[in-house]
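Protein chains: 2
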Amino acid sequence: MADKSLNKSADLDETTWGHRWGYRDTRFVVNPDGSVKVTGDRYAVSGYDMPGFIPFLEETLNIKLDLADIKPERADKPVPDPLVNAAFVAALAAALPADRTSDDPRERLLHSHGQTTVDEIYQVLYTHLNRVVDLVVWPQTHDEAAALVRLAAEHDVCLVPYGGGTSVSAALKLPADETRMIVSVDMRRMDAIEWIDRENMRACVQAGITGSHLEARLAEQGLTCGHEPDSVELSTLGGWIATNASGMKKNRYGNIEDIVENVTMVTPAGVIEHLVNMPRVSMGVEPRHLAFGSEGNLGLITRAVIRIHELPEVKEYGSYVFRDFETGTAFLYDLSRAGALPASIRLVDNVQFRFGQALKARPTGQEKLMSRVQQTVLESIKGFDLRKMSAATVVMEGSAAEVEYQKGEIKRIAAQHGGISGGAHNGQRGYMLTYAIAYIRDFLTDYHIIGETYETTVPWSKIHEVIAAVEKRSTEMHREFGLPGKSYVSPRITQLYHTGVCIYFTHGFSARGVENPDRVFAAIEHAMRETIMAHGGSISHHHGVGKLRRDFIGQTLTPAAIDVLRDMKTAADPANVFGIANNVFAMEEG
Amino acid sequence: MADKSLNKSADLDETTWGHRWGYRDTRFVVNPDGSVKVTGDRYAVSGYDMPGFIPFLEETLNIKLDLADIKPERADKPVPDPLVNAAFVAALAAALPADRTSDDPRERLLHSHGQTTVDEIYQVLYTHLNRVVDLVVWPQTHDEAAALVRLAAEHDVCLVPYGGGTSVSAALKLPADETRMIVSVDMRRMDAIEWIDRENMRACVQAGITGSHLEARLAEQGLTCGHEPDSVELSTLGGWIATNASGMKKNRYGNIEDIVENVTMVTPAGVIEHLVNMPRVSMGVEPRHLAFGSEGNLGLITRAVIRIHELPEVKEYGSYVFRDFETGTAFLYDLSRAGALPASIRLVDNVQFRFGQALKARPTGQEKLMSRVQQTVLESIKGFDLRKMSAATVVMEGSAAEVEYQKGEIKRIAAQHGGISGGAHNGQRGYMLTYAIAYIRDFLTDYHIIGETYETTVPWSKIHEVIAAVEKRSTEMHREFGLPGKSYVSPRITQLYHTGVCIYFTHGFSARGVENPDRVFAAIEHAMRETIMAHGGSISHHHGVGKLRRDFIGQTLTPAAIDVLRDMKTAADPANVFGIANNVFAMEEG
Chain A
4 MADKSLNKSA
14 DLDETTWGHR
24 WGYRDTRFVV
34 NPDGSVKVTG
44 DRYAVSGYDM
54 PGFIPFLEET
64 LNIKLDLADI
74 KPERADKPVP
84 DPLVNAAFVA
94 ALAAALPADR
104 TSDDPRERLL
114 HSHGQTTVDE
124 IYQVLYTHLN
134 RVVDLVVWPQ
144 THDEAAALVR
154 LAAEHDVCLV
164 PYGGGTSVSA
174 ALKLPADETR
184 MIVSVDMRRM
194 DAIEWIDREN
204 MRACVQAGIT
214 GSHLEARLAE
224 QGLTCGHEPD
234 SVELSTLGGW
244 IATNASGMKK
254 NRYGNIEDIV
264 ENVTMVTPAG
274 VIEHLVNMPR
284 VSMGVEPRHL
294 AFGSEGNLGL
304 ITRAVIRIHE
314 LPEVKEYGSY
324 VFRDFETGTA
334 FLYDLSRAGA
344 LPASIRLVDN
354 VQFRFGQALK
364 ARPTGQEKLM
374 SRVQQTVLES
384 IKGFDLRKMS
394 AATVVMEGSA
404 AEVEYQKGEI
414 KRIAAQHGGI
424 SGGAHNGQRG
434 YMLTYAIAYI
444 RDFLTDYHII
454 GETYETTVPW
464 SKIHEVIAAV
474 EKRSTEMHRE
484 FGLPGKSYVS
494 PRITQLYHTG
504 VCIYFTHGFS
514 ARGVENPDRV
524 FAAIEHAMRE
534 TIMAHGGSIS
544 HHHGVGKLRR
554 DFIGQTLTPA
564 AIDVLRDMKT
574 AADPANVFGI
584 ANNVFAMEEG
Chain B
4 MADKSLNKSA
14 DLDETTWGHR
24 WGYRDTRFVV
34 NPDGSVKVTG
44 DRYAVSGYDM
54 PGFIPFLEET
64 LNIKLDLADI
74 KPERADKPVP
84 DPLVNAAFVA
94 ALAAALPADR
104 TSDDPRERLL
114 HSHGQTTVDE
124 IYQVLYTHLN
134 RVVDLVVWPQ
144 THDEAAALVR
154 LAAEHDVCLV
164 PYGGGTSVSA
174 ALKLPADETR
184 MIVSVDMRRM
194 DAIEWIDREN
204 MRACVQAGIT
214 GSHLEARLAE
224 QGLTCGHEPD
234 SVELSTLGGW
244 IATNASGMKK
254 NRYGNIEDIV
264 ENVTMVTPAG
274 VIEHLVNMPR
284 VSMGVEPRHL
294 AFGSEGNLGL
304 ITRAVIRIHE
314 LPEVKEYGSY
324 VFRDFETGTA
334 FLYDLSRAGA
344 LPASIRLVDN
354 VQFRFGQALK
364 ARPTGQEKLM
374 SRVQQTVLES
384 IKGFDLRKMS
394 AATVVMEGSA
404 AEVEYQKGEI
414 KRIAAQHGGI
424 SGGAHNGQRG
434 YMLTYAIAYI
444 RDFLTDYHII
454 GETYETTVPW
464 SKIHEVIAAV
474 EKRSTEMHRE
484 FGLPGKSYVS
494 PRITQLYHTG
504 VCIYFTHGFS
514 ARGVENPDRV
524 FAAIEHAMRE
534 TIMAHGGSIS
544 HHHGVGKLRR
554 DFIGQTLTPA
564 AIDVLRDMKT
574 AADPANVFGI
584 ANNVFAMEEG
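Chain order of the listed sequences is A and B.
Position 570 of the first sequence, counting from 1, maps to 573 under the numbering used here, and the rest follow consecutively.
Position 98 of the second sequence, counting from 1, maps to 101 under the numbering used here, and the rest follow consecutively.
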């Protein structure tokens, strides 16, 4: 398989599916022989047959898939008539060129949800959305964005910032009781790199740029930002800031708050920004922190100054397999303490490890032989149980010396834990799978399988407790709800920190024949968050709170802290122009 | 010289000077032969004669020091009668044990200033303070601190948080027009480590702990926090948070915002804190950012959860000399890009390099010979000019492998810039000098030399422009004011970032015979900040804004950002209990 890097995306058809995840050229389809294929050639997993996919699913979920029983998507997706604030529309028409706005029902519907399975995707595909935006506006400059905010405040209109539409926290879900005209502000035409300062290694970038475009344009100059959240192809710089995004390569490039030096946010009270771009300042309380995690509540993020880097001299992948997940975790702990973290290192549990195997092509004779040899070595010589093993994928970037040093340390510490190298190819494949895997939710939805991902931060000491509790509680609830087969619950550790990690769960089950499967899933997901937090996990590592996790804010912040956040909002947006009501502003509805 | 580490401070007399900087056992004194000595045995420079000190001063300032002409310190330091809010005092007496409070005039005076030369030290030593606190309170628990805040709000009393008293931004300067009773809240009895979580490597520490005590107690457990601002011996955890402190070893341990996971701040509106300690969370806008840079305006910081580390396996020092400051800077730039930064690396200009030489003991015959040999090598063979050379000091910490790797990279990159190793001993000496140098200001003050340090952040591309502009403007102003001799203006680069550095200036001159030398210095310092900012520097890297730099806030933040900060204060502290009026709350007085 060739290395299909993100930077090639400019050559591909970038039409997106619309309501479902990702690009239209890519979907999982079942071949007549029961194998599965990914259409197009965008990803490493595209274009070949995967005979193991369906058998893996059936075994893991303990069901028999009926490939003829497709969950019927609603063809006539109803869109109510727009609520029109005529004075605002007239003023907007006078202020902005006509091609900046649309009241086309399809555009309005597309801009009325994110990618949260239950709260958004299930509703738009199978039932209907309770509220749809009344107009879509695409500002093309900071001044157009500022004019839009001013007019909205003048005319009592509600604005909803829209980036890549990849939210999975129901942050784009519109408040059902919003009686004002709602305008979706699609920032994606504001995608210019305004300047690059090569000596100081920073760039000023408009906030509507997607990760793939940002990386492609920087790469033309031999540069990278290095921020790679799972959604990087579609999500935007502004969205990253508004949700506190985390990138897979944060060990080298930082999380979004480490990458962004300055943010320009247009609020009804005016523009909040620092007037000087600086690596680090002691200037009192820093207003730029209001943008991080603002989740659409405070204003439009129009641009940011970000740190950039030369493309690394060397980029190498690696992988290691370990006896089990606990051993893999112990390896991560020691590696973290040794101070030799590569750009990215992630650990998947045995279920995901086997899922990765199930996504492989039918092996050739030679490959079959090698695979049998490998298996024999692992099982007979090393005593590994193929149904317990875990696998770590590694991405190293930097100078030749840096990468060499990291590689040596990883090898040394992996050996201390009995880890066996799985090679660079498997490492690269594991890393790249992330992008393709996101499409699987929509594929499985067709076959009545409902699923979602959710993440948390936990201290090192709580990793196994949280995972065990989630597995136990999900099994119990599966039984309580009398669901078919069993649940797929699989954790991976995606980010390492000095004091803990991010655990990323994938959770799904067959809901065939289940009444209101979305409500059942919502109840289970809510219970999982309860369980996670009861055992020491956080409300979110990088998805954000949105509306999905509003019930848990009281467990994360003191009442006085919540009050101050609300007062801050009143200061920046007294008339609640940004009325999307996420996070602490979602609490009243709870 | 022995390695007198910070961790030995527990054995020393920790009585401080009071109004002047530092510990009473340490001061610079002139011997009868004109050499200078540091009393006591606290520092590497303590206890031996420095024949080069006075000659260096005289040459650099172009003056002749009259050692008999001592600037007269006021012996009768006037302290006005306290302004007493009787109801508050009675309520406080009922709530807290008697040993928690003092209205002793000396204690009140000691708690009424920080260490800013002009605004504070000159006034307390030579004239008088316009306003003195009316009571000092030492809370011993979080609950006592909370009770104090509650009573202050009830009785309309002004509270001023007090940590190590090392502020150099006039942040502790009391508003002259404050008509309420002012209570200094000395946090230093709240110095317990409440718990240590060794597996997750974090600790909950009361905010009044000084850096030296924190490190000493952690070291007993084989641990370190690693935060080493220049003031670490005296300054407190709470003070670090309130001023956005930066430590010399931030490349390894982070700046204060990287170290602190959670802050507990008692405001009149209630306790602001996160209820869960996490390495990283996406929970919306994070209220803990209100504590960083709060500069006494918002509440009492009572405790924090900080990241801790095992004491490093290896700690090594190093030093390199370069042809000139520009070459040294180029070396830092390349090292930064190579991703091999040691815990600390700092570059001093030629003036400070020579000052370091002037602080050495009289050489023995053997040392003299070696010194001549070194000089010959540098001058004749390498072509270095001893009056242009710059020097970098290096501190490496970590595993043996990490330190070895860093050492190799530093050596390789230094060689590319013609750098010559000055050895580990000079590196350690240079690093440790920082602590002793702080005492020199008070020594020189006695001889009519007035001086201060100030710092800024600059992008890499602006380093030399800012330094040249400061040197030019200071020379011009020296001439304009008709000051004796010439100014000592010397920069060092103390912190490296991806996009820029911190420059730390030392600035002084002889003010003998000058009328109102403090006002002259204030005017010059103000002009220097103007110059720094006009050429691309920041308002502050780590000293903070306080009152000293209030005139420059308008150049750092948009009006809307300033408004939001003010509204936030109103939310957390509606009656302005925390009325110290720093940062944006100092602006009205400007």
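Note that beta-carbon positions come from the ideal geometry of N, C-alpha and C, so glycine has one too.
Practice task
State yes or no: is the C-beta of G55/A within less than 8 Å of the C-beta of Q360/A?
Solution key: yes
Practice task
Note down, in chain order, every chain A residue with its Cβ under 9 Å from the Cβ of F508/B.
Solution key: Near F508/B there are no residues of chain A at all, since even the closest Cβ is about 15 Å away, more than 9 Å.
Practice task
Report the residues of the segment 305 to 318 of chain B with a CB closer than 7 Å to any CB of chain A, ordered along the chain.
Solution key: R310
Practice task
Taking only beta-carbon positions, decide if A206/A is within less than 8 Å of chain C.
Solution key: Reference to chain C is not applicable here, since the protein chains of this structure are A and B.
Practice task
Tell me, please, whether the CB atom of A272/A is closer than 8 Å to any CB atom in chain B?
Solution key: yes
Exercise for the section: Could you check which residue in S172/B, A578/B, Q209/B has the C-alpha nearest to that of E455/B? Expected result: S172/B
Exercise for the section: Evaluate the contact criterion for the segment 532 to 547 of chain A versus the segment 470 to 477 of chain A: three or more CB pairs, one atom per stretch, below 8 Å. Expected result: yes
Problem - Neighbour flag for S543/B against chain A, beta carbons, 8 Å - result: yes
Practice task
Examine chain A for any beta-carbon lying closer than 8 Å to the beta-carbon of T502/B, and answer yes or no.
Solution key: yes
Handout entry: Residues from the segment 402 to 417 of chain B in contact with chain A, defined by Cβ distance under 7 Å
Key = S402, A404, E405, Y408, E412
Problem - Nearest-angstrom Cβ-Cβ length linking F508/B and I452/B, presumed shorter than 8 Å - result: Actually they are not in contact, since the Cβ atoms of F508/B and I452/B sit about 16 Å apart, beyond 8 Å.
Practice task
For my contact list, D44/B and R27/B are in at a C-beta cut-off of 8 Å; report their separation, rounded to the angstrom.
Solution key: Rounded, the Cβ-Cβ distance is 14 Å, inconsistent with contact.
Handout entry: Buried or exposed by the 16-neighbour rule on C-beta atoms within 10 Å, applied to S374/B
Key = exposed
Problem - Beta-bridge pairing of I423/A - partner residues as DSSP gives them - result: V324/A
Exercise for the section: Quick one: using the 10 Å Cβ neighbour count with 16 as the cut-off for buried, is T502/A buried or exposed? Expected result: buried
Handout entry: Separation of L344/B from I413/B, as counted between CA atoms
Key = 8 Å
Exercise for the section: With R482/A as the anchor, note down where its alpha helix (DSSP H) starts and where it stops. Expected result: 466 to 483
Handout entry: Where T18/B sits in the DSSP three-state scheme
Key = coil
Exercise for the section: Below 6 Å CB to CB, which residues in the same chain sit around D6/A once its five sequence neighbours on both sides are set aside? Expected result: Summary for D6/A: the model assigns pLDDT 43, below 50, so the residue's position carries little reliability; its value from the coordinates is reported in the next sentence. Nothing listed; no residue qualifies.
Exercise for the section: Look at T213/B and R192/B and say whether their C-beta atoms are less than 8 Å apart. Expected result: no
Practice task
Just list the beta strand (DSSP E) runs in the segment 164 to 213 of chain B, keeping only unbroken ones of 3 residues or longer that don't cross its boundaries, in chain order.
Solution key: 185 to 189, 196 to 200, 205 to 209
Practice task
With DSSP as the reference, label T119/B as helix, strand or coil.
Solution key: coil
Exercise for the section: In angstroms with no decimal places, state the Cα-to-Cα distance between L128/B and K253/B. Expected result: 35 Å
Exercise for the section: Go ahead and pull the three-state DSSP assignment for V139/A. Expected result: strand
Practice task
Rounded to whole angstroms, what's the CA-CA distance from E218/A to I262/A? Just pull it up for me.
Solution key: 14 Å
Problem - Against chain A: residues of the segment 523 to 557 of chain B by CB proximity under 7 Å - result: S541, I542, S543, H544, H545, H546, G547, V548
Handout entry: Classification of V580/B by the beta-carbon crowding that lies within 10 angstroms, buried from 16 upward
Key = buried
Exercise for the section: With DSSP as the reference, label N34/A as helix, strand or coil. Expected result: coil
Problem - Range of the contiguous alpha helix (DSSP H) that encloses K371/B - result: 368 to 379
Practice task
Identify which residue in C228/A, R349/A, A93/A, P83/A has its Cα closest to the Cα of V435/A.
Solution key: Note that residue 435/A corresponds to Met in the displayed sequence, not to Val. Nearest of C228/A, R349/A, A93/A, P83/A to M435/A, Cα basis: R349/A.
Handout entry: Cβ neighbours of P366/A in the same chain (closer than 7 Å, five flanking residues each side left out)
Key = S374
Problem - S108/A, enclosing alpha helix (DSSP H) - first and last residue - result: Strictly speaking, residue 108/A in this sequence is Pro, with Ser absent from that position. Counting along the chain, the alpha helix (DSSP H) containing P108/A begins and ends at 108 to 113.
Exercise for the section: Measure the Cβ-Cβ separation of R310/A and R205/A and say whether it is below 8 Å. Expected result: yes
Handout entry: CB contact below 8 Å: I583/B versus chain A
Key = no
Problem - Beta carbon proximity, V288/A to chain B, threshold 8 Å - result: yes
Exercise for the section: Return no unless some Cβ of chain B is closer than 8 Å to the Cβ of E276/A. Expected result: yes
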